[in-house]
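Note sheet for the following structure.
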Amino acid sequence: MSNSPNLAVPGVPQGPWSLFLDIDGTLLEHAAHPDAVVVSDELRTLLARLEAQLDGALAFITGRSIAAVDHLFQPLRLRAAGLYGLEHRLARDGPVEAAGEPADIAALADEIATELDNADVYIERKGPILAIHTRAAPHLLQRATQLVEQALDRLPAGYRVLAGNAGVELMPLEAAKGAAIRRFLQIPAFMGRRPVFLGDDTSDENGFETVNEWDGISVRIKPQGSTAALFGLAGVDAALAWLDEMSRREAAQAAKLAATSK
């Protein structure tokens with residue numbers, strides 16, 4: 018695991034490749050509230066173009082629900098793993114394998130909302146995952162983390178706490194981006210392709226490790242501290258510029274192949 022924030026910029030993937038994308042902090046700048054982000058038409062166009070160029074081998078790997086992702090990127094309904102892999106859409110425009118909210122997690126969400134009682138803290142209820150966003154109230158991150166850690170003792174076995182850059186989440190153990198990526202790699206659209214994964218946060222590290230195991234390209238956006246990622250990009254703008262460059266290279270290669278086949 019690298020401790021350097023000065024990771025090399027990723028090169029051009031050689032041969033067929035697939036693309037896995039975190040959303041917040043990777044494709045979109047973080048906002049104080051998850052609903053405050055805006056997707057540009059340019060980003061929609063870029064994603065649709067890449068998805069076509071990769072013959073469908075593109076998927077979101079995100080902590081958001083797939084319903085939230087669809088709302089953001091409408092009318093696009095790309096392949097996606099939501100809630101860290103507790104939800105899946107394995108085909109573009111296909112059905113979603115969804116996850117419901119257990120009663121004990123619902124009760125805990127109400128309890129934490131009462132305990133923190135701060136308008137700048139956003140408690141996001143994502144089925145079996147409970148996320149507490151403290152970006153607008155950083156002084157409450159430690160207290161929020163304590164509350165979810167204490168809750169582990171009285172919840173059923175099988176939950177873990179994941180601390181992020183500006184919040185904390187409680188989730189089932191099986192919620193892991195690496196497992197979600199592995200599932201996609203086993204379906205026809207992705208098989209035989211070198212995986213590329215872009216992410217920016219603690220929750221993406223498991224995905225980086227999985228992609229490294231598959232001899233892929235793991236890219237941490239705005240790397241800070243230790244990371245399993247082998248490459249880095251300075252921020253969201255750099256990530257979008259790199260993706261645009263990859264799309265342009267794919268287009269040029271396709272044009273070259275078309276010319277030589279005439």
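Sequential numbering from 18 applies to the sequence shown in the working numbering.
Cβ atoms here follow ideal geometry from the backbone N, Cα and C, with glycine treated the same way.
Fill in: DSSP-derived helix/strand/coil call for His156
helix
Worksheet item: What are the boundary residues of the alpha helix (DSSP H) that Phe201 is part of?
Response: Lys194 to Leu202
Worksheet item: So, using beta-carbon positions, are Val213 and Leu36 closer together than 9 Å?
Response: yes
Practice prompt. Would you identify the three-state DSSP class for Val55, choosing helix, strand or coil?
Written response: Residue state, collapsed to three classes: coil.
Practice prompt. Have a look at Glu114 and His105 and give me their C-alpha separation to the nearest angstrom.
Written response: Cα-Cα distance, rounded: 5 Å.
Item to complete: Flag this pair as yes or no: are the beta carbons of Ile78 and Ala98 separated by less than 9 Å?
Response: yes
Practice prompt. Any chance you could list the beta strand (DSSP E) runs of at least 3 consecutive residues sitting entirely within the stretch 53-133, in chain order?
Written response: 75-78, 96-99 and 104-106
Worksheet item: Buried or exposed: His150, going by 16 or more other Cβ atoms within 10 Å of its Cβ?
Response: buried
Practice prompt. Please say whether Glu226 and Leu103 have beta carbons closer to each other than 9 Å?
Written response: no
Fill in: Spatially closest choice to Leu125 from Leu164, Ile234, Pro33 and Asn135, by CA coordinates
Leu164
Worksheet entry | Rounded C-alpha distance that separates Pro51 from Thr277 | 47 Å
Worksheet item: Nearest-angstrom Cα distance between Glu141 and Gly80?
Response: 11 Å
Discussion item. Checking 9 Å against the spacing of the C-beta atoms, do Gly144 and Glu118 come in under that value?
Written reply: The criterion of a C-beta distance shorter than 9 Å is satisfied by Gly144 and Glu118.
Practice prompt. Could you tell me whether the Cβ of Phe77 comes closer than 9 Å to any Cβ of chain D?
Written response: Within the model displayed, chain D is absent; a lone protein chain is all it includes.
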